[in-house]
Amino acid sequence: MAKQLLLIDGNSIVFRAFFAMHNQIDKFTNKDGLHTAAIYGFKLMLDHVLDQFHPDAALVAFDAGKVTFRTKMYDDYKGGRNKTPDELTEQFPYVRELVEACGLHSYELKNYEADDIIGTLAKEGDEAGYETLIVTGDRDLTQLASDHTTVAVTHKGVTDTEHYTPAHVEEKLGITPRQIIDMKALMGDSSDNYPGVTKIGEKTAIKLVKQFGSVENLYDHIDELKKSKMKEHLVEDEAIARECKTLATILQDAPLEIGLDDITYRGEQTEELVAFYQQMGFKSFLAKMDLAPEEKADKSAPVEYTELTADNLAAVDQLEGELNFYLEMPDANYHTSPFAGFVIGDGKTWLVSRDAELLKQDPLKKLLESPAVAKNVFNAKAQIVGLHRLGIDLRNVDFDLLLASYLLNTNDNSNDLGQVALEHDYHEVATDEEVYGKGAKRAIPADDQVFYTHLAQKARAIDDLRAPLFKKLDDNQQTPLYTDIEVPLTRVLAAMEITGIKVNAQTLKDMGSKLTERLADIESQIYAAAGEEFNINSTKQLGHILFEKLKLPVIKKTKTGYSTAVDVLEKLADQAPIVEDILQYRQIAKLQSTYITGLLKVIHSSDQKIHTRYLQTLTQTGRLSSVDPNLQNIPVRLPEGRLIRKAFVPSHAGWQIFSSDYSQVELRVLAHITGDKNLQEDFKNGEDIHASTARRIFHLPADAEIDRNMRRRAKAVNFGIVYGISDYGLAQRIHVSRAQAHEFIQNYFKEFPGVKKYIDDTIAFAREHGYVETITHRRRYLPDIHAKSFSRRSFAERTAMNTPIQGSAADIIKIAMIRMKEEIKQRQLQARMLLQIHDELVFEAPAEEIPVLQKLVPQVMDSAVQLNVPLKVESKVGDTWYDLK
DNA sequence: AGCTTCACG
DNA sequence: ACGTACGTGAAGCTC
Numbered sequence: 001m002a003k004q005l006l007l008i009d010g011n012s013i014v015f016r017a018f019f020a021m022h023n024q025i026d027k028f029t030n031k032d033g034l035h036t037a038a039i040y041g042f043k044l045m046l047d048h049v050l051d052q053f054h055p056d057a058a059l060v061a062f063d064a065g066k067v068t069f070r071t072k073m074y075d076d077y078k079g080g081r082n083k084t085p086d087e088l089t090e091q092f093p094y095v096r097e098l099v100e101a102c103g104l105h106s107y108e109l110k111n112y113e114a115d116d117i118i119g120t121l122a123k124e125g126d127e128a129g130y131e132t133l134i135v136t137g138d139r140d141l142t143q144l145a146s147d148h149t150t151v152a153v154t155h156k157g158v159t160d161t162e163h164y165t166p167a168h169v170e171e172k173l174g175i176t177p178r179q180i181i182d183m184k185a186l187m188g189d190s191s192d193n194y195p196g197v198t199k200i201g202e203k204t205a206i207k208l209v210k211q212f213g214s215v216e217n218l219y220d221h222i223d224e225l226k227k228s229k230m231k232e233h234l235v236e237d238e239a240i241a242r243e244c245k246t247l248a249t250i251l252q253d254a255p256l257e258i259g260l261d262d263i264t265y266r267g268e269q270t271e272e273l274v275a276f277y278q279q280m281g282f283k284s285f286l287a288k289m290d291l292a293p294e295e296k297a298d299k300s301a302p303v304e305y306t307e308l309t310a311d312n313l314a315a316v317d318q319l320e321g322e323l324n325f326y327l328e329m330p331d332a333n334y335h336t337s338p339f340a341g342f343v344i345g346d347g348k349t350w351l352v353s354r355d356a357e358l359l360k361q362d363p364l365k366k367l368l369e370s371p372a373v374a375k376n377v378f379n380a381k382a383q384i385v386g387l388h389r390l391g392i393d394l395r396n397v398d399f400d401l402l403l404a405s406y407l408l409n410t411n412d413n414s415n416d417l418g419q420v421a422l423e424h425d426y427h428e429v430a431t432d433e434e435v436y437g438k439g440a441k442r443a444i445p446a447d448d449q450v451f452y453t454h455l456a457q458k459a460r461a462i463d464d465l466r467a468p469l470f471k472k473l474d475d476n477q478q479t480p481l482y483t484d485i486e487v488p489l490t491r492v493l494a495a496m497e498i499t500g501i502k503v504n505a506q507t508l509k510d511m512g513s514k515l516t517e518r519l520a521d522i523e524s525q526i527y528a529a530a531g532e533e534f535n536i537n538s539t540k541q542l543g544h545i546l547f548e549k550l551k552l553p554v555i556k557k558t559k560t561g562y563s564t565a566v567d568v569l570e571k572l573a574d575q576a577p578i579v580e581d582i583l584q585y586r587q588i589a590k591l592q593s594t595y596i597t598g599l600l601k602v603i604h605s606s607d608q609k610i611h612t613r614y615l616q617t618l619t620q621t622g623r624l625s626s627v628d629p630n631l632q633n634i635p636v637r638l639p640e641g642r643l644i645r646k647a648f649v650p651s652h653a654g655w656q657i658f659s660s661d662y663s664q665v666e667l668r669v670l671a672h673i674t675g676d677k678n679l680q681e682d683f684k685n686g687e688d689i690h691a692s693t694a695r696r697i698f699h700l701p702a703d704a705e706i707d708r709n710m711r712r713r714a715k716a717v718n719f720g721i722v723y724g725i726s727d728y729g730l731a732q733r734i735h736v737s738r739a740q741a742h743e744f745i746q747n748y749f750k751e752f753p754g755v756k757k758y759i760d761d762t763i764a765f766a767r768e769h770g771y772v773e774t775i776t777h778r779r780r781y782l783p784d785i786h787a788k789s790f791s792r793r794s795f796a797e798r799t800a801m802n803t804p805i806q807g808s809a810a811d812i813i814k815i816a817m818i819r820m821k822e823e824i825k826q827r828q829l830q831a832r833m834l835l836q837i838h839d840e841l842v843f844e845a846p847a848e849e850i851p852v853l854q855k856l857v858p859q860v861m862d863s864a865v866q867l868n869v870p871l872k873v874e875s876k877v878g879d880t881w882y883d884l885k
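Below is the structure:
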């Protein structure tokens, strides 16, 4: 195998790393106050590269200073750049130290740029038969791509790279890598501050390069160009173009004092690296080094603990005030996870054990169940469910670190206590990954000292973070959201999860056998039409069959090949019968794998029920999500898929399934939040909202019949408004021209001016405050609202207007759930709440209670909050989830 | 682990 | 010229 050469553009990577982490610059400082974000990012990049590429020789090239041969020939070269921030400049010496400790060489050369060092060595490598990888943050280096040299340019962040080979350059620009120089000579480079030819941009430059091959040849044949403004500019700026070409050309013969033999890659220098990490305070990298425990520097403050046994349980009685408690369940699924141990303590004393069975005994059980003793925990729902499995009913949760942290910032959230603590600048507790490892290596440490320290530190972190997080919630006016909604909801959700929903496995198995037969039929038809057997589930193989073998037109491409998504296949359906079969196959295969096999796998054998987990601290809007399995996406739209719901049955004979859902809750919230008079009026009049929208935006008389197509279009517009509309998106969805979609939207805004004003105001609010909020002050931060990138900024703007709507709807149903639970208890009903599906609540109840629910549930749901439009609730009942009517 | 596809609101 | 509707989770393939 060919030898491998790694060349890294040190300066550009350090710049990229610094600016990628710029928004958290103050979180990355070591104990001496040195900023370390760029150093950290550089190491991330290095690890990422060395993961896939194993060099024999490696060099990191740096710029030697501002003055180079280029500045001598062109004064303004790289002029106009902002001064490098001090927080970055101070990091460069340490990056070099890091590079050496990682076993790479570093080099700089007076009067030359890092690019020229790289160009020269890449050429040397090419000639010596090396495979070369260049890593850079600077697109200019792509001119060095060749058959044996690949240029990896960082995309966003530092680990996400785009690999440029000559083929990739050809595909993107339609020219060879060397012709990039000619292109840049013509178009100039605003960041390096050289002009190129007047009025020539990338498009024109590429066209000219394709036509003439090079700048020199272009001027040799300049007479062949027709008379035009562009030609005049070219003639006028000939000298500039030629000079710019020199500026744009990376040297491949710089007078280096080193060669490939001097830059052998040595691999990590463990001792140096450990010392370096310690100096920088890089705990996570230290943890990954897999060192013997004594080599790991433990920077966390020490914590004292006592091991609890059956003989000293009385120690628990000495605890005072609020208790911090943590039951360790190493698997994410707390319905089934083993118990690894627990810790309980009051801030002064920490009691630990590996034996969760101890919790069943008093005084531990009594304390946990006591409504008089407040508890502080991390992820109360997991604790409630886990303790319930031990026969313990955890009462009086005061502080839930996970929940509070989520409400404060939905963005950087994690299920790892250590990670969450870090988000709040608390460093006295390790992350689970650091202590337990990750992937296959993950395990609870056998060493008591290590494990108990971690447990005690977790409980201490909960204790230490309680006051500051409560303070922050209060500052954000989020205390009622926390106390009156989210904490009570935790108990409701825990009860729903514990109750579970009964699923008839035999029903699923019978459906599965039928589907298997149908799949076999369709499969053979597809193979016959294709003329060969292949894996239909592989988009790659399928793409090959459809677009290469059968030569169907390519409608859409993905990053990795041809798109074969539904909308694409639907456009091809009339051109080849195989397409219809593939759509059919996909539909059935999905049912089979996700909903038959998938659900069968998660039915608990003990009770024939499925116990999902609702994630209360995940979504950016305040909605719940459901995992293991997801019960919020059981098929309903297509008749075949809907049959799956037949397997969901009541848990007792003589019981029924009952379901109520909010009708158009998001549009009602929109009417409320925007205060739009027309929209409110339509809802108050009890109109069919999509029909009345159609009437307004298509300017129809009040008594006009609305045909299905008009209503369908108006409905799409209504959805579009809620999601943050674009004419393009709407046009795609309802198959009209973009101009027509644009007109629909303009009409909508004219008819509903309050909505237009709301959108503008909300985006302005987000720009000013950096976040948006719902009717209960649930927050979502939108850092990208100021992004330079159009698409990132646009996305932030759409979420700015959507989040208050979707989030407020989530708030409303959460309140309804809490009330419903109370009503059921107070009325001593046997009915149980089973599922929440965003705007719908599913119950099971004895048949004789159904009339009660028919009245009660809608009453509770539509009075959950008082909006300035009515809420509407519709209910259904049946013997299975499928049979609801 | 990332991508693509498709199920739901 | 950009690159396009909001929020999710699971499965299968590919590297």
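Residues in the first sequence are numbered consecutively from 1, following the numbering used here. Here a beta-carbon is modelled for each residue, glycine too, at the ideal position from N, C-alpha and C.
- C-alpha of residue 350 to C-alpha of residue 29: approximately 31 Å in a straight line.
- Below 8 Å, too few C-beta pairs join the stretch 483-500 and the stretch 430-440 to call them touching: fewer than three.
- Only residues of its own chain outside the window of five on either side were considered, and among them 402, 403, 406, 413 have a CB closer than 7 Å to the CB of residue 617, listed in chain order.
- Assignment of beta-bridge partners to residue 655 by DSSP yields 846.
- Residue 596 has its alpha-carbon roughly 7 Å from the corresponding atom of residue 509.
- Listed in chain order, the non-local C-beta contacts of residue 734 below 6 Å within the same chain comprise 713, 716, local neighbours out to five positions each way being set aside.
- Counted as a single uninterrupted DSSP element, the stretch harbouring residue 377 is not any alpha helix (DSSP H) but the beta strand (DSSP E) occupying residues 375-377.
- Looking at the backbone, the Cα of residue 471 and that of residue 452 are separated by about 30 Å.
- Distance check between residue 264 and each of 653, 786, 549, 130 places 130 closest, using alpha-carbon atoms only.
- Burial of residue 218 is indicated by the presence of at least 16 other C-beta atoms within 10 angstroms of its C-beta.
- At a Cβ-Cβ threshold of 7 Å, residue 648 and residue 881 count as neighbours.
- With distances taken between CA atoms, residue 695 lies nearest to 747 out of 747, 503, 732, 666.
- Classified as buried, residue 858 has 16 or more neighbouring CB atoms from the shown chains inside 10 Å of its CB.
- Setting aside the 5 residues that flank it on each side, residue 77 is surrounded in the same chain by 70, 71, each with a C-beta closer than 6 Å to its C-beta; the list follows chain order.
- Exclusion of the five residues before and after residue 815 leaves 485, 864, 865 as the residues of its chain whose Cβ lies within less than 7 Å of its Cβ.
- Straight-line spacing of the CA atoms in residue 268 and residue 667 works out to 58 Å.
- In this chain, residue 97 is not harboured by any beta strand (DSSP E); it is covered by the alpha helix (DSSP H) spanning 92-101.
- Around the beta carbon of residue 790, a 10 Å sphere encloses fewer than 16 other beta carbons of the protein chains shown; the residue is thus reported as exposed.
- Check the Cα spacing between residue 324 and each of 309, 348, 332: the tightest is with 348.
- Fewer than three beta-carbon pairs drawn from the stretch 816-828 and the stretch 742-757 are found closer than 8 Å, and the two stretches are therefore not classed as touching.
- Note on geometry: alpha-carbon atoms of residue 739 and residue 225 lie some 37 Å from one another.
- Straight across, the Cα-Cα distance linking residue 506 with residue 531 is about 37 Å.
- Taking a contact as a CB-CB distance under 8 Å, the pair residue 118 and residue 141 counts as one, their CB atoms being some 7 Å apart.
- Out of 873, 357, 400, 827, the CA that lies nearest to the CA of residue 387 is found in 357.
- The criterion of a C-beta distance shorter than 7 Å is not satisfied by residue 846 and residue 828.
- Linking residue 603 to residue 320 through their CA atoms gives a straight-line distance of about 42 Å.
- Proximity to residue 392 across 410, 381, 366 peaks at 366, based on C-alpha coordinates.
- With distances taken between CA atoms, residue 781 lies nearest to 796 out of 775, 397, 665, 796.
- When DSSP reads this structure, residue 350 sits in a beta bridge with 345.
- Under the 8 Å Cβ criterion, the stretch 310-320 does not count as touching the stretch 328-336, having fewer than three qualifying pairs.
- Within the DSSP secondary-structure output, residue 610 pairs in a beta bridge with 501, 603.
- Assigned with DSSP and collapsed to three states, residue 538 falls in coil, not helix or strand.
- The Cβ atoms of residue 198 and residue 237 sit closer than 7 Å to each other.
- The stretch 50-62 makes contact with the stretch 96-104, as at least three CB pairs between them are under 8 Å.
- By the beta-carbon neighbour count (other beta carbons within 10 angstroms, threshold 16), residue 728 is exposed.
- In the three-state scheme derived from DSSP, where H, G and I count as helix and E and B as strand, residue 882 is classed as coil.
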